[in-house]
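Asks: Got a structure here, written out as C-alpha cells. Questions coming.
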Amino acid sequence: MSNYDMGRAAAYDTGMKNRRAVLGDAHVDAAVEKQTEVTEKFQDFITRTAWGDVWERDGLDHTQRRLLTIAILTAVGNDGELDMHIRAALRAGVDADTIGEVLLHTAVYAGVPNSNHGFKLLDAAVNGQ
Numbered sequence: 001m002s003n004y005d006m007g008r009a010a011a012y013d014t015g016m017k018n019r020r021a022v023l024g025d026a027h028v029d030a031a032v033e034k035q036t037e038v039t040e041k042f043q044d045f046i047t048r049t050a051w052g053d054v055w056e057r058d059g060l061d062h063t064q065r066r067l068l069t070i071a072i073l074t075a076v077g078n079d080g081e082l083d084m085h086i087r088a089a090l091r092a093g094v095d096a097d098t099i100g101e102v103l104l105h106t107a108v109y110a111g112v113p114n115s116n117h118g119f120k121l122l123d124a125a126v127n128g129q
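Mapping the sequence shown onto UniProt numbering, position 42 (from 1) lands on 42, and the numbers just tick up by one.
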C-alpha cells in the first residue's frame with residue numbers, strides 16, 4: 001500500500017470514528033448500508049474530508065462544531081441535514097435552550113423563515129416527534 005493510500009485509510013478510519021461520535025452508530029450504519037456503487041466514492045470523500053479532517057482539527061471542540069453546523073444548515077435551508085444534526089446534538093447532551101439561541105442568532109443574520117423552520121425541527125425533536 002502506498003503512503004498516499006495509507007493516509008487515505010487513516011483519514012477514513014478517523015472520519016468514521018468522528019462520524020459515529022457525532023451522529024451515532026445507528027445513523028452511520030444505516031448510511032453505510034444504503035451506500036451504492038454510485039454513492040460509495042462520495043461517501044468515502046465526505047468521511048475522509050469532512051469527518052476525518054475538518055471535524056478532527058484543533059480549534060473547535062465537537063460541541064462548537066455541532067452548533068456551527070446547525071447555524072450553517074439553518075442559514076442554507078438544508079432541512080434534512082439540519083434535523084439530523086439537531087437530534088444528534090440533543091442526544092450528545094447539547095441542551096435545547098443552547099440550540100434555540102443558535103437558531104435565534106441565525107435568524108438575525110440568515111433570515112427569520114429558515115430559523116423559524118429550525119425551531120419547528122427542534123420542537124419536534126425535543127417532543128419526540
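Glycine included, every Cβ here is placed at the ideal spot set by N, Cα and C.
(1) To which residues of the same chain is Arg20 closer than 8 Å at the C-beta, ignoring the five residues directly before and after it?
(2) According to DSSP, is Ser115 helix, strand or coil?
(3) Please confirm whether Arg48 and Gly24 have their CB atoms less than 8 Å apart.
(4) Pick helix, strand or coil for Met1, following the three-state DSSP scheme.
(5) In the DSSP assignment, find the unbroken alpha helix (DSSP H) run with Thr63 in it and report its ends.
(6) Just to confirm, is the Cβ distance from Thr69 to His85 under 8 Å?
(7) Between which two residues does the alpha helix (DSSP H) harbouring Gln43 extend?
(8) Rounded to the nearest angstrom, what separates Ala96 and Asn127 at their Cα positions?
Replies: Taking the coordinates as given:
(1) Val28
(2) helix
(3) no
(4) coil
(5) His62 to Val76
(6) yes
(7) Glu40 to Ile46
(8) 11 Å
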